[in-house]
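One structure is given here, and the rest of the page talks about it.
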Amino acid sequence: MATPAGATSAKSGAAMLSTEHVVAAFNELRQQQRILASKISEIEMDMKEHDLVIEVLKGVEPTRKCYRMIGGVLVERTVDAVLPGLITNREKKEGTASKTSDRQANILASI
1 MATPAGATSA
11 KSGAAMLSTE
21 HVVAAFNELR
31 QQQRILASKI
41 SEIEMDMKEH
51 DLVIEVLKGV
61 EPTRKCYRMI
71 GGVLVERTVD
81 AVLPGLITNR
91 EKKEGTASKT
101 SDRQANILAS
111 I
């Protein structure tokens, strides 16, 4: 028995919709992966900057004045007051980079 012409076009229309849905979902995941890769790169650059500053400040006497930007305001502190905060910030950035890398790996696995 032959199938009606309308039934065939409905099946192909559903297949097209499904294909379009899959392509759209794939493109969304790929975009999320690119955004996460960009964030990871930015965090890693910040970590390298923190490493450079920490290394320099470790070689300076603890009572020496230094300046730090906090919330857009430049403040004057001593090295012994700034160094622990820099080390803590660097560790937090490392944790954030690790979590972001895990999210990126999950997205790559689902692609």
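In terms of full-length UniProt numbering, the sequence shown has 65 at position 65, counting the first letter as 1, and numbering is strictly consecutive.
Positions of the beta carbon are idealized from the N, C-alpha and C atoms, including for glycine.
I'd like to confirm something about residue 20: is its beta-carbon nearer than 7 Å to some heavy atom of the ligand COA, or not?
Absent from the structure shown: the ligand COA. Ligands present: none.
Specify, as a first and last residue, the run of the alpha helix (DSSP H) that residue 91 falls within.
Here the question's residue 91 lines up with position 91 in the sequence shown. It spans 79-110 - the alpha helix (DSSP H) in which residue 91 sits, taken as one unbroken run.
With 16 as the cutoff for other CB atoms within 10 Å, does residue 74 come out buried or exposed?
Position 74 of the sequence shown holds residue 74. With fewer than 16 other Cβ atoms within 10 Å, it is exposed.
Closest by CA to residue 108, which one among 18, 59, 26, 40?
Residue 108 sits at position 108 when you count from the first residue of the sequence shown. Answer by Cα proximity: 26.
Does the Cβ-Cβ distance between residue 43 and residue 88 come in under 8 Å?
As a first step, residue 43 is located in the sequence shown; it is residue number 43 there, counting from the start. As a first step, residue 88 is located in the sequence shown; it is residue number 88 there, counting from the start. Going by C-beta atoms, residue 43 is not nearer than 8 Å to residue 88.
Residue 73 bridges to which residues according to DSSP?
Taking the first residue of the sequence shown as position 1, residue 73 is located at position 73. Its beta-bridge partners are 70.
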